[in-house]
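Here the structure is laid out as C-alpha cells; the discussion comes afterwards.
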Ligand SMILES: [Zn+2]
C-alpha cells in the first residue's frame, strides 16, 4: 500500500488547501523591507549601540537588512540607515552573484590597515551623490556574527572600502564627511538644491 500519496479530497477542500498553500508561499517569499533613511536624518549622525543580545530576532533583522539592501540595489547597508541605531551591517560586494560572500558584521572594529586607495563612492542615504574618497587599501576587521561568535575578516579594494564605509555608518560618519571642506560644501549645496526641487 502506498504511504506517500495524498488522501483524496473533495474539490472544495482541495481549493481551500490550494488557497492556503498560496498564502503560505506568499508569506514566505515576501520579505519585510525597510525604507532607507536619507541625509540629514539625525539617526545617520549617531553612534550605533553595541549589540549584546544575539537572538532569533537579530538573525531575522539581518535577513531583512539583506532583502532591503538588494531591493535598494546596494552592496552594503548599516542598521542606522533603516533607522535602527545599532552596530549591525550587511555587505555583499558580489550583489547576489556569490552567496558565500554575504557578510554580516556586528560590533565591527578595524584592527589592522595598510595602504591607500582613492575610488568613487556612493551611499543609499545620499542618492545621486558620487565622490572620490580616500580609504585604506587593505583592512582586517574583527566582528561578531549573528550568533555572537567573534571572527576576523580581511579585505582589499572594493571589500575594504565597503567594510570601512559601513563601519563609518555605525559611528555616525558619512562618506561626505571624509571629503575636503570645499568638496563637502559643494555636495551639501547640491543636496539643498535637490531638496528645494522636491527631488530628495
Ligand atoms: Zn552608506
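Numbering (my numbering), first residue to last: 66 to 265.
Glycine residues also receive a C-beta, built at the ideal position from the N, C-alpha and C atoms.
Throw me the rounded Cβ distance for the residue i and residue j pair, which I believe falls under 8 Å.
i: residue 241; j: residue 194; result: 7 Å
Suppose you measure from the CA of residue i to the CA of residue j; what does that come to, to the nearest Å?
i: residue 243; j: residue 199; result: 8 Å
i: residue 260; j: residue 201; result: 32 Å
i: residue 245; j: residue 180; result: 20 Å
i: residue 183; j: residue 197; result: 6 Å
i: residue 107; j: residue 239; result: 12 Å
i: residue 111; j: residue 137; result: 22 Å
i: residue 154; j: residue 213; result: 14 Å
i: residue 192; j: residue 78; result: 50 Å
i: residue 142; j: residue 158; result: 11 Å
i: residue 264; j: residue 128; result: 30 Å
i: residue 232; j: residue 262; result: 32 Å
i: residue 218; j: residue 165; result: 13 Å
i: residue 248; j: residue 135; result: 29 Å
i: residue 57; j: residue 235; result: This structure cannot settle anything about residue 57, because the visible part of the chain is limited to 66 through 265.
i: residue 254; j: residue 105; result: 13 Å
i: residue 123; j: residue 226; result: 25 Å
i: residue 250; j: residue 150; result: 26 Å
i: residue 82; j: residue 76; result: 10 Å
i: residue 223; j: residue 144; result: 20 Å
i: residue 119; j: residue 130; result: 16 Å
i: residue 160; j: residue 167; result: 9 Å
i: residue 121; j: residue 109; result: 25 Å
i: residue 169; j: residue 187; result: 20 Å
i: residue 230; j: residue 80; result: 51 Å
Quick one: what's got a C-beta closer than 8 Å to residue i's C-beta in the same chain, skipping five residues either side?
i: residue 132; result: 96, 97 and 98
i: residue 176; result: 205, 206, 207 and 217
i: residue 126; result: 144, 149 and 153
i: residue 286; result: The structure shown does not extend to residue 286, since the chain is modelled only from 66 through 265, so no value can be given for it.
Can you name, in chain order, every residue of its own chain whose Cβ lies under 7 Å from the Cβ of residue i, other than the five neighbours on each side?
i: residue 257; result: none
i: residue 85; result: none
Taking the CB atoms as reference points, tell me whether residue i and residue j lie closer together than 7 Å.
i: residue 113; j: residue 152; result: yes
i: residue 204; j: residue 178; result: yes
i: residue 185; j: residue 207; result: no
i: residue 189; j: residue 101; result: yes
i: residue 156; j: residue 116; result: no
i: residue 237; j: residue 228; result: no
Among residues of its own chain, excluding the 5 on either side of residue i, which ones have a beta-carbon nearer than 6 Å to its beta-carbon?
i: residue 103; result: 190
i: residue 162; result: none
**Report entry** Length at least 3, wholly inside the segment 78-155: the beta strand (DSSP E) runs in chain order
**Finding:** Listed in chain order, the beta strand (DSSP E) runs fully inside the segment 78-155 are 141-143, counting runs of at least 3 residues.
Query - alpha helix (DSSP H) runs contained entirely in the segment 174-244, provided each spans 4 or more residues - result: 222-234
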